[in-house]
C-alpha cells in the first residue's frame, strides 16, 4: 500500500504532528509506503507571529504553497492507493480536479474549523476563518471518507460525506509517561496551550484566586501561555518546545482544561487532557463535548461546570494526594486503552485497507 499524506503544517504544529507525523513510523513498520507533502513548513509558521505585514505575507505564501501542493496532488494521485489530506483546504480548481480520485481521498480535520472561531478577531483572521468555513464542505464533498475527532465534528462531516470515522487524539503513551513526583508541600496546577487559547483561563480566574487564599502552597504553571495573572497566586510560565514539553508536563500535579461552550470549542479534540492523563495526572475540565467522553467523572478526574464546582473539585484534589495518584493512574490506563497511538494507527490502517478493498471490489 502506498499513501500520500498532505499536511497543512510541519511536525511542530500539534494537528499535523499527532494526525500525520506520529503515524508514519508505525505505518512504515507495517509495510506501508508513506510520502508527505507539507503546505506550511515550520519556518514559515514563525512568520505568523511577527507583525501585521509578516502575517499577511504568511497567508499569501501559505495560499501559494497550497495551490502548488494541490496541483502536485492532481498530477501524482494515480501513483497512490490513498491520499490523506489533513486540514488542507484547496481552492478552485483543485477540488474539482481531485474529484475523479474521490475513491482514494480521505479528509482529516481536527477542531471545528468550519465555524467562525472569533467574530471579534482582526480582519485578516476574519477572512481566514470565512474561507475555512466555506472550504471544509468543498473538501468533504470530494472525499471518500472523513476522519474527525469527536461526535460534534462527525455530525457536521456526515452532511457532506457518507463515510465518517472518529479517531480521537492520538497520544504517544510511550513518550508521554508519568514521572515520580518529589515529596513536598507544594501542589502544582498546570495548563498547556498557546497565547491564543490563554483566554480560556479567564473562566477560572476567580476560582484560582479563591483557592490561593485557602491553600498557600498552591502554584500555577503555564506552558506556552500569554499574559495571565491571579491575585496572590504564584504563576510560573514556561515556553513551549517539543523537546521540553513532556518534562514540563511531568512537573504538574493536576491538569486543567477550562473551556466555554460554543460552536468552536465543541469541536475540540481534548488533546491536552490526553497529554495530562498519559503523564499520570488527574484532571479537572469543563464538560464540553469530547471532554465528557475522555474524562470519567470521579474516577480519572472531575468535570466542573460552575465556579463553585471548580473550587470544590480542585480543592478536593489539592488536599488529597492519594486521590490524585489514584485518579492519575486510572486516567493513564484509560488513555492507553482508548486513545494510544498504536491503537489509533491500527484503526487508521484498517480504515484505509477496508476502503481500498471496497473500491477494488467495485471496480472489478
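Residue numbers (the working numbering): 45 to 408. For every residue, glycine included, the Cβ atom is placed at its ideal position computed from N, Cα and C.
Cross-strand partners of residue i (DSSP beta bridge)
i           : result
residue 210 : 192
residue 218 : Answer by DSSP bridge pairing: none, since residue 218 is not bridged.
residue 231 : 262
residue 130 : 51 and 152
residue 236 : 267
residue 242 : Looking at the DSSP assignment, residue 242 forms no beta bridge with any residue, so it has no partner.
residue 84  : 53
residue 46  : 77
For residue i, three-class secondary structure by DSSP
i           : result
residue 51  : strand
residue 356 : helix
residue 158 : coil
residue 78  : strand
residue 164 : Unreliable positioning characterises residue 164 in this predicted model, as indicated by a pLDDT of 47, which lies under 50. The coordinate reading is nonetheless provided below. Reduced to three states, the DSSP call for residue 164 is coil.
residue 225 : coil
residue 137 : coil
residue 7   : Outside the displayed range of the chain (45 to 408) lies residue 7, so it cannot be described from this structure.
residue 398 : helix
residue 202 : coil
residue 61  : helix
residue 187 : coil
residue 66  : coil
Beta-carbon proximity of residue i to residue j, cut-off 8 Å
i           : j           : result
residue 137 : residue 182 : no
residue 307 : residue 159 : yes
residue 236 : residue 293 : yes
residue 264 : residue 252 : yes
residue 298 : residue 325 : yes
residue 323 : residue 231 : no
residue 327 : residue 339 : yes
residue 156 : residue 61  : no
residue 64  : residue 130 : yes
residue 215 : residue 74  : no
residue 320 : residue 213 : no
residue 270 : residue 283 : no
residue 250 : residue 193 : no
residue 76  : residue 45  : yes
residue 188 : residue 248 : no
residue 142 : residue 117 : yes
residue 127 : residue 78  : no
residue 393 : residue 71  : yes
residue 258 : residue 342 : no
residue 234 : residue 296 : yes
residue 125 : residue 400 : yes
Same chain, Cβ closer than 6 Å to residue i, neighbours up to 5 away in sequence not counted
i           : result
residue 344 : 371, 374, 375 and 378
residue 256 : 262, 276 and 277
residue 190 : 151, 184, 201, 205 and 208
residue 85  : 54
residue 330 : 302 and 303
residue 58  : none
residue 354 : 248, 251 and 348
residue 244 : 302 and 303
residue 395 : 209
Any C-beta of chain B under 8 Å from that of residue i
i          : result
residue 46 : Considering every chain present, this structure includes no chain B. It has just one protein chain.
Own chain residues within Cβ distance below 8 Å of residue i, not counting five before or after
i           : result
residue 83  : 50, 51, 52, 53, 106, 109, 110, 113 and 132
residue 280 : 263, 264, 265 and 266
residue 229 : 261
residue 290 : 219, 220, 221 and 323
Own chain residues within Cβ distance below 7 Å of residue i, not counting five before or after
i           : result
residue 204 : 181, 184 and 185
residue 223 : 294
residue 388 : 211, 213 and 214
residue 332 : 303, 305, 309 and 310
residue 164 : With a pLDDT of only 47 at residue 164, under the threshold of 50, the placement of this residue in the model should not be trusted; the figure read from the coordinates follows. Taken in chain order, the list of residues that qualify is empty.
residue 366 : none
residue 179 : 133
residue 336 : 347
* Unbroken beta strand (DSSP E) runs of length 3 or more, entirely within the stretch 253-314: which are they? -> 262-267, 278-282 and 298-301
* To do: Can you check the stretch 310-384 for any alpha helix (DSSP H) of at least 4 residues that lies completely inside it and give the ranges in chain order?
  => 315-322, 334-338, 351-363 and 365-382
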